[in-house]
Amino acid sequence: MENFYKRWFKILVIPAVILFFVVIIIPFIMGITYSFTAWRGSYFKGSENWWGALVGVTNYIKVFRSEKFLSALVFTVKFTVVAVIMKNIASLGMAMMVKKVSAGKGFFRTVFFFPNLLGGLAMGFVWSFIFQNIFSLVLFGGESAIKIPFLCDMLQDPNKAIFAMALMATWQSAGYMLLIYLNGLNNIPDDLYEAASIDGATPWQKFKNITLPMLMPAFTIVFFLTLSQSFKMLDENLALTSGNFGTRMLSLQILLSTRENIPANYGMAQAQAIIFFILIAVISVAQVTVTKRKEIEA
Amino acid sequence: MKKSMGTKKKASQIMLFAVLGIIAVYTVFPIYFLFVNSFKSQKEIVASPMAFPKSWNLTYLKSAAEQIDLGPSLFNTLVITVVAVTVIVLVSAVTAWLMVRNKTKASQALFLIFTAAMLIPFQSVMYPLVNLMEMLGLKNTGGLIVMYCGFGLSMTVFLYHGFMKSVPISLEEAALIDGANIFQVFFKVVFPLVKPITVTTIITNAMWIWNDYLLPFLIIGNNDKKTLTLSLYYAKSLSGQYGNPWELIFPAVLICAVPILVIFIFLQKNIIEGIAAGAVKG
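Okay, here's the thing in structure tokens:
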């Protein structure tokens with residue numbers, strides 16, 4: 003029996019391994035190597051092959067001196083903090099309400115989930131109209147009775163744009179995260195709450211001492227997903243602001259970096275891509291380790 | 003006492019319902035908005051963006067369909083999505099199943115590499131990947147499918163791996179004793195048992211590939227093999243030098259969203275349950 007599976011494992015695992023190596027592992031290793039060379043995309047400057055074009059850490063030094071890269075890094079971090087907080091509060095709040103409501107649970111779940119299926123680029127165009135025309139001219143500015151300057155012309159100011167982009171990103175993904183939180187809430191045994199009620203616990207105490215600790219596994223997943231989603235966001239950034247007015251995020255910076263210098267410096271773009279990978283790997287691993295530890299304590 | 007508890011509960015239910023209702027309206031608002039503005043002229047869109055159109059005029063949808071080459075774009079996107087998702091699901095399911103059944107060092111190491119690769123963002127491999135694909139003569143639709151398969155594997159294998167553990171090996175053994183071969187065991191015994199996670203992986207992969215912009219942009223560019231999202235991007239950026247051509251953008255976005263809308267309406271129950279199942283295991 004074991005031999006049977008072993009024999010077939012060796013044969014049937016081949017397609018996956020080939021695909022995986024061609025598409026991810028080989029380009030990844032090429033990418034690390036090329037980031038230390040004078041790579042120009044289709045050729046290496048001054049050499050036939052990459053080892054003749056090695057330039058050491060020059061590309062990395064250039065990246066850390068590049069104002070565009072540093073400002074994209076700062077903006078990405080700011081956006082990620084705001085977006086992760088907004089997505090988590092919105093989805094947890096909605097999940098708690100959907101759990102409590104006595105009718106229409108399925109309907110609300112479905113409606114909230116729907117934006118998830120639509121494309122970030124396509125809906126980004128629609129949202130850019132909403133921010134420019136509806137928010138700025140109809141609802142909160144122009145001839146409207148309610149005037150909220152913060153909600154007008156949000157896409158033309160880097161600080162307001164963070165919230166505009168986070169608002170759209172939350173609209174898109176809250177319904178998905180809600181499903182994960184809802185599942186976590188459904189796994190909390192009711193007798194915990196009943197026992198707490200008998201002991202006279204307030205709703206806040208119940209939330210803090212029962213709901214939150216019991217939700218830690220769901221929180222680990224949602225935190226992981228929202229963090230990497232927000233840090234890597236590209237389509238919404240492109241559709242809403244095209245990275246103008248100091249709103250360029252790292253994904254867009256890596257993409258545009260090869261289009262802004264002539265001749266295009268792919269070596270330098272690749273160095274940014276490697277830094278991007280290291281940031282994501284470190285943040286994700288740190289986050290999972292920390293929240294997992296909390297899970298065990300709880 | 004009992005009665006006042008009842009009314010209090012009722013009041014809080016009404017409150018909950020109202021708040022959720024408001025959030026629901028907010029959620030569908032952009033979609034309503036997309037719909038009504040797909041039938042208006044540029045002037046009408048800017049003048050009365052929230053209202054119903056004066057007439058349900060199909061001119062703008064027709065001209066948007068032309069500008070995004072609806073026929074070929076839709077066909078390309080459909081072929082890419084269907085082929086890539088089929089390959090991802092079959093290859094991942096088989097791989098994950100055999101990984102679970104083989105507790106060897108090699109199989110565990112492979113699973114670890116697959117899982118760790120989820121941390122590699124697309125941006126950090128895209129330039130060398132395009133380079134490699136060009137060398138292999140795969141800078142075309144076929145290559146695009148290969149790349150989607152490669153990128154979809156990690157996550158999908160991971161999801162199946164979690165699920166395959168709950169498939170009882172005794173069923174497989176019984177089938178083998180009855181003379182079934184490995185493919186019969188897989189398709190008749192294992193695959194039906196993991197259906198919930200298959201639904202999840204089909205949906206998440208299909209949505210991602212259908213809506214993806216960056217990979218087709220890098221591989222296909224502006225030629226007649228464009229996908230829907232890519233056509234939308236070029237239609238907007240090429241006609242947008244003088245402000246945004248909303249009378250083109252709204253109907254074009256609507257056209258791109260309609261296939262998803264239709265599928266969602268028919269399969270919503272499966273989709274929501276599938277996503278919830280996958281999210282918990284993942």
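Here the protein sequences line up with chains G and S, keeping their order.
Here the numbering used here is used: the first residue of the first sequence is 3, the next is one more, and so on.
Here the numbering used here is used: the first residue of the second sequence is 3, the next is one more, and so on.
Backbone N, C-alpha and C define an ideal beta-carbon position, used for all residues, glycine too.
| Asked | Found |
| --- | --- |
| Return helix, strand or coil for residue 247(G), following the three-state DSSP convention. | coil |
| If we call anything under 8 angstroms between Cβ atoms a contact, is residue 43(G) one with residue 288(G)? | no |
| Run the CB neighbour count on residue 197(S), radius 10 Å, all protein chains shown included, and call it buried at 16 or more, exposed below. | exposed |
| By Cβ distance below 7 angstroms, which residues in the same chain neighbour residue 128(S) in space, the five residues on each side in sequence not counted? | 220 |
| Using 8 angstroms as the limit for Cβ to Cβ distance, is residue 149(S) near chain G? | yes |
| Can you pull out the residues from the segment 28 to 40 of chain G whose beta carbon lies closer than 8 angstroms to at least one beta carbon of chain S? | 28, 29, 30, 32, 33 and 36 |
| In terms of alpha-carbon separation, which member of 234(S), 134(S) and 111(S) lies closest to residue 19(G)? | 111(S) |
| Does residue 236(G) come out as helix, strand or coil in the three-state DSSP assignment? | coil |
| Could you spell out where the alpha helix (DSSP H) holding residue 12(G) opens and where it closes? | 4 to 14 |
| Please report how far the alpha carbon of residue 172(G) lies from the alpha carbon of residue 127(G), in whole angstroms. | 16 angstroms |
| In the structure shown, what three-state DSSP assignment does residue 37(G) receive? | coil |
| Please report the straight-line C-alpha distance between residue 31(G) and residue 251(G), rounded to a whole angstrom. | 25 angstroms |
| State yes or no: is the C-beta of residue 131(S) within less than 8 angstroms of the C-beta of residue 17(G)? | no |
| Between which two residues does the alpha helix (DSSP H) harbouring residue 62(G) extend? | 60 to 67 |
| Taking all protein chains shown into account, decide if residue 123(S) is buried (16 or more other Cβ within 10 angstroms of its Cβ) or exposed. | buried |
| Applying the criterion that 16 or more other CB atoms from any shown protein chain within 10 Å of the CB defines a buried residue, is residue 237(G) buried or exposed? | buried |
| Pull the bridge partners of residue 134(S) from the DSSP assignment, please. | According to DSSP, which records beta bridges pairwise, residue 134(S) is partnered with nothing at all. |
| Between residue 109(G) and residue 180(G), how many whole angstroms is the CB-CB distance? I'm expecting something under 8 angstroms. | Their Cβ separation, rounded to whole angstroms, is 13 angstroms, which puts residue 109(G) and residue 180(G) out of contact at 8 angstroms. |
| Let me check understanding here. Comparing Cα to Cα, which of 121(S), 91(S), 26(S) and 229(S) lies closest to residue 279(G)? | 121(S) |
| Over the uninterrupted alpha helix (DSSP H) stretch that includes residue 158(G), give me the two end residues. | Residue 158(G) -> no alpha helix (DSSP H), and no H or E assigned at all. |
| When the cut-off is 8 angstroms and only beta carbons count, does residue 165(G) lie next to chain S? | no |
| May I have the straight-line CA-CA distance separating residue 138(S) from residue 26(G), to the nearest angstrom? | 15 angstroms |
| Closest to residue 182(G) by C-alpha separation, out of 95(G), 286(G), 34(G) and 56(G), would be which residue? | 95(G) |
| Leaving out the 5 sequence neighbours to the left and right, which residues in its chain are closer than 6 angstroms to residue 2(S) when beta-carbon positions are compared? | In the structure as shown, chain S begins at 3 and stops at 284. Residue 2(S) is therefore absent and cannot be evaluated. |
| By the criterion of Cβ-Cβ separation under 8 angstroms, what are the contact partners of residue 113(G) in chain S? | 26, 29 and 30 |
| Cutting at 7 angstroms between CB atoms, please list the residues of its own chain near residue 185(G), excluding the five before and the five after it. | 220 |
| Would you give the residue range spanned by the alpha helix (DSSP H) that residue 78(S) belongs to? | 72 to 103 |
| Give me the Cα-Cα distance between residue 32(S) and residue 108(S), rounded to the nearest whole angstrom. | 50 angstroms |
| Compare the C-beta of residue 152(G) with all C-beta atoms of chain S and state if any pair is closer than 8 angstroms. | no |
| Applying the 10 Å Cβ sphere with the 16-neighbour rule, what's the burial state of residue 4(S)? | Low per-residue confidence applies at residue 4(S): pLDDT is 49, beneath 50, and the placement is therefore not dependable, though the value from the model is reported in the following sentence. Looking at its Cβ environment, which holds fewer than 16 other Cβ atoms inside 10 Å, residue 4(S) is exposed. |
| Answer yes or no: does any C-beta atom of chain S fall closer than 8 angstroms to that of residue 296(G)? | no |
| Name, going along the chain, the residues of the segment 246 to 280 of chain G whose beta-carbon falls closer than 8 angstroms to a beta-carbon of chain S. | 252, 253, 256, 257, 260, 268, 271, 272, 275, 276, 278 and 279 |
| Do residue 232(G) and residue 105(G) count as a contact pair if the criterion is CB distance below 8 angstroms? | no |
| Using only the alpha-carbon positions, how far apart do residue 293(S) and residue 15(S) sit? | Residue 293(S) lies beyond the range of chain S shown here (3 to 284); nothing can be said about it. |
| Consult DSSP for residue 54(S) and reduce its assignment to one of helix, strand or coil. | coil |
| Could you tell me the boundaries of the alpha helix (DSSP H) in which residue 61(S) lies? | 61 to 69 |
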